[in-house]
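J.: Sharing a structure with you now.
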Amino acid sequence: MSETPYYISLEEAITIVQNYAIETQIESIPLDQAYGRILASDMASKVHDPPFDNSSMDGFAVRFEDTKTAPTTLVVVATAQAAASNSSVSISSGEAVRIMTGAPMPEGADAIIPIEACVVEGNSVTLTQPSKPHFIRRCGENIKKGTIGLKQGSYLSPQSISMCATMGYSHLPVVKKLKIGIISTGDELKSPGENLSFGEIYESNSYGLSGLVQALGHTPIRYPAVIDSLTDLREQFNKAASECDLFLTSGGVSMGEWDFVRKLMEEEGEIAFWRVRIRPGSPPLFGHWNGTPMFGLPGNPVSSHVVFRMLVTPYLRYALQTSFPIDRIIHAKLLTDVRSTNDCLTLRRVSLRSTKEGFLADQPKHQGSGNIDSLSSADGLTLLQPGQSGKTGEWIEVLLL
Ligand code: AMP
Ligand code: MG
């Protein structure tokens, strides 16, 4: 253990984990299945968007030249709907074409009058206001054919999936989901739904961690909780290392006699670091078991979640060269004093209120690292740097939950 980096800053820990690459593979999937996945290559548009000049309003397509003064009466010569069959529609001087949103601009027309500014009588239309050469969506004005619309590493949100469809892609190359094992440890843990005997608690960490893994677009493999025994842990570690790209444990990494995850990793694994200067969540360890990267997360429910957000997320972000939607940081003004420390990054659970002045952060719940209610009811985690005061009125950074 003497060479293991010990009680290091979060930045140092993140630098170390970045040296442990994860091999990724690429697969092609249909758009319908793309939500939450990570794009594996730059996507260039196959078409101009829009592919042709078209109307952005329901109304009449006219010649700007004919309609600079109002009222003007024109002869309606055709109707243009949003479909390809309109390609032959054209107008000459004194004429107008009734047009629907999205229909190609008739040849000769260079202005659109919205329907609200028109009085229609039989075959003629009177424009009640002078036209302007607008309400036309120009070919390629959103994106030109061949231009990169989405970059490799993009997280596929609903809106970016729409973008891929618009660019003409039915299938997308994405990073194959990583299999991430989750192992809870502790003699006291019972599955929710079972009866609790005295001294037992419901195992909650693996479920929250499983949600976090899914939020990052990967596949959680939640193993049954393991009792505090080196033999049982070893067996489960071997299984997880052979089945997963990465595995997470919760519990058993502090200094106690029963902290067997740490003991096993010390004796038979490879530890890259142990303990990080963040609060809550200072005892995490990171290393390799049989060549598979593993994070030993703390057992306290808030800590396990917080350490995932602070260490596992940056690890995957770097390994996959991506960004995640859960990585948003805002500024907020503290409504109460928040206890900070001189040596740790402090992550308190706060609720946020949006005001004209900006976000206001309150700390309504007690901040014990065993109090999952303080996390589930919170909107964000304070990013109080070591030594930052955390006094009422201070503007601080908050990581959104
Ligand atoms: P440990 O790090 O194993 O000493 O655990 C610290 C605290 O977290 C103890 O109070 C444990 O009972 C609790 N704990 C550990 N693992 C879990 C879990 N999977 N779900 C809920 N609480 C846990
Ligand atoms: Mg334990």
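Final position of the sequence shown in our numbering is 641; the numbers increase by one with none missing. Glycine residues also receive a C-beta, built at the ideal position from the N, C-alpha and C atoms.
I need the straight-line Cα distance from leucine 250 to cysteine 379, nearest angstrom please.
T.: Here the question's residue 250 lines up with position 10 in the sequence shown. Here the question's residue 379 lines up with position 139 in the sequence shown. Going by the C-alpha atoms only, they are around 49 Å apart.
J.: Would you tell me roughly how many angstroms separate the C-alpha atoms of leucine 585 and aspartate 577, rounded to the nearest one?
T.: Start at 1 with the first residue of the sequence shown, and residue 585 comes out as number 345. Start at 1 with the first residue of the sequence shown, and residue 577 comes out as number 337. Distance between the alpha carbons of leucine 585 and aspartate 577 is about 16 Å.
J.: Excluding five sequence neighbours on each side, which residues of the same chain lie with their C-beta closer than 8 Å to the C-beta of lysine 372?
T.: Indexing the sequence shown from 1 puts residue 372 at position 132. Around lysine 372: Phe304 and Ala351.
J.: Would serine 332 be called buried (16 or more neighbouring beta carbons within 10 Å of its own) or exposed?
T.: Working through the sequence shown from its first residue, we reach residue 332 at position 92. Label assigned to serine 332: exposed.
J.: Compare the C-alpha of arginine 593 against each of Asp619, Gln607 and Arg579 and name the closest.
T.: Against the sequence shown, residue 593 aligns to sequence position 353. It is Asp619 whose Cα lies nearest to the Cα of arginine 593.
J.: For the ligand MG, is there a heavy atom less than 7 Å away from the beta-carbon of tryptophan 498?
T.: If you number the sequence shown from 1, residue 498 lands on position 258. The answer is yes for tryptophan 498.
J.: Tell me whether the beta-carbon of leucine 488 lies closer than 8 Å to the beta-carbon of isoleucine 441.
T.: Locating residue 488 in the sequence shown gives position 248, where the first residue counts as 1. Locating residue 441 in the sequence shown gives position 201, where the first residue counts as 1. Result no, Cβ atoms of leucine 488 and isoleucine 441 do not sit closer than 8 Å.
J.: Measuring alpha carbon to alpha carbon, tell me which residue in Ser400, Ile262 and Glu475 is nearest proline 464.
T.: Taking the sequence shown and counting its residues from 1, one reaches residue 464 at position 224. The option with the nearest alpha carbon to proline 464 is Glu475.
J.: Looking only at its own chain, which residues have a Cβ that is under 8 Å from the Cβ of proline 346, when we skip the five neighbours before and after it?
T.: Within the sequence shown, the letter at position 106 stands for residue 346. Within the same chain, proline 346 has close Cβ partners Ala301, Ala318, Ala320, Asn326, Val329, Ser330, Ile331, Val337 and Ile339.
J.: DSSP has cysteine 358 in a bridge; who is on the other side?
T.: In the sequence shown, residue 358 corresponds to position 118, counting from 1. Per DSSP, Leu367.
J.: The ligand MG and glycine 491: does any heavy atom of the ligand fall closer than 7 Å to the residue's C-beta?
T.: Here residue 491 refers to the residue found at position 251 when the sequence shown is read from its first residue. At least one heavy atom of the ligand MG is nearer than 7 Å to the Cβ of glycine 491, so yes.
J.: Considering Cα atoms alone, identify which of Ser424, Leu396, Lys416 and Gly386 is closest to glycine 408.
T.: Here the question's residue 408 lines up with position 168 in the sequence shown. Among Ser424, Leu396, Lys416 and Gly386, the Cα nearest to that of glycine 408 belongs to Gly386.
J.: Do you know how far the Cα of serine 629 is from the Cα of arginine 579?
T.: What you label residue 579 is simply residue 339 of the sequence shown in a count that begins at 1. What you label residue 629 is simply residue 389 of the sequence shown in a count that begins at 1. Cα to Cα, arginine 579 sits roughly 8 Å from serine 629.
J.: Could I get the ranges of all uninterrupted beta strand (DSSP E) runs contained in the region 469-496, with 3 residues as the minimum, in chain order?
T.: As far as the region 469-496 is concerned, its whole beta strand (DSSP E) runs of at least 3 residues are 486-490.
J.: Using alpha carbons as the reference points, say which of His458, Leu412, Ile355 and Asp427 lies closest to lysine 419.
T.: What you label residue 419 is simply residue 179 of the sequence shown in a count that begins at 1. The residue with the shortest Cα to Cα distance from lysine 419 is His458.
J.: With a threshold of 16 other CB atoms inside 10 Å of the CB of leucine 486, please say whether the residue is buried or exposed.
T.: Taking the sequence shown and counting its residues from 1, one reaches residue 486 at position 246. Buried, by the Cβ-count rule.
J.: With DSSP as the reference, label methionine 241 as helix, strand or coil.
T.: Stepping through the sequence shown from its first residue, residue 241 is reached at position 1. Residue confidence for methionine 241 is low, a pLDDT of 45 falling below 50, so the modelled location carries little weight and cannot support an answer.
J.: Using only alpha-carbon positions, find the residue among Arg568, Leu575, Val360 and Ser543 that is nearest to serine 616.
T.: Translated into positions along the sequence shown, residue 616 becomes position 376. Taking only the C-alpha atoms, the option nearest serine 616 is Ser543.
J.: I need the straight-line Cα distance from tyrosine 558 to leucine 551, nearest angstrom please.
T.: As a first step, residue 558 must be located in the sequence shown, where it is residue number 318. As a first step, residue 551 must be located in the sequence shown, where it is residue number 311. Cα to Cα, the separation comes out at about 11 Å.
J.: Taking DSSP's pairing of strands, which residues face glutamine 270 in a bridge?
T.: One-based indexing of the sequence shown puts residue 270 at position 30. Position check: residue 270 holds proline in this sequence, whereas glutamine was assumed. Paired residues: His411.
J.: Do glutamine 369 and alanine 310 have their C-beta atoms within less than 8 Å of each other?
T.: Taking the sequence shown and counting its residues from 1, the one referred to as residue 369 is at position 129. Taking the sequence shown and counting its residues from 1, the one referred to as residue 310 is at position 70. Result yes, Cβ atoms of glutamine 369 and alanine 310 sit closer than 8 Å.
J.: Report the residue from Ile636, Tyr555 and Gly492 whose alpha carbon sits nearest the alpha carbon of isoleucine 262.
T.: Residue numbering aside, residue 262 sits at position 22 when the sequence shown is read from its first letter. Checked all of Ile636, Tyr555 and Gly492; the closest Cα to isoleucine 262 is Tyr555.
J.: Could you pull the start and end residues of the beta strand (DSSP E) that threonine 319 belongs to?
T.: For the purposes of this step, residue 319 is taken as the residue at position 79 of the sequence shown. That run of the beta strand (DSSP E) goes 312-320.
J.: When burial is assigned at 16 or more other CB atoms within 10 Å of the CB, is methionine 297 buried or exposed?
T.: As a position in the sequence shown, residue 297 is number 57, starting the count at 1. Methionine 297 comes out buried.
J.: Excluding the five sequence neighbours on either side, which residues of its own chain have a C-beta within less than 7 Å of the C-beta of methionine 241, listed in chain order?
T.: Within the sequence shown, numbered from 1, the residue matching residue 241 stands at position 1. Per-residue confidence for methionine 241 stands at a pLDDT of 45, beneath the threshold of 50, marking its modelled position as unreliable; no derived number is given.
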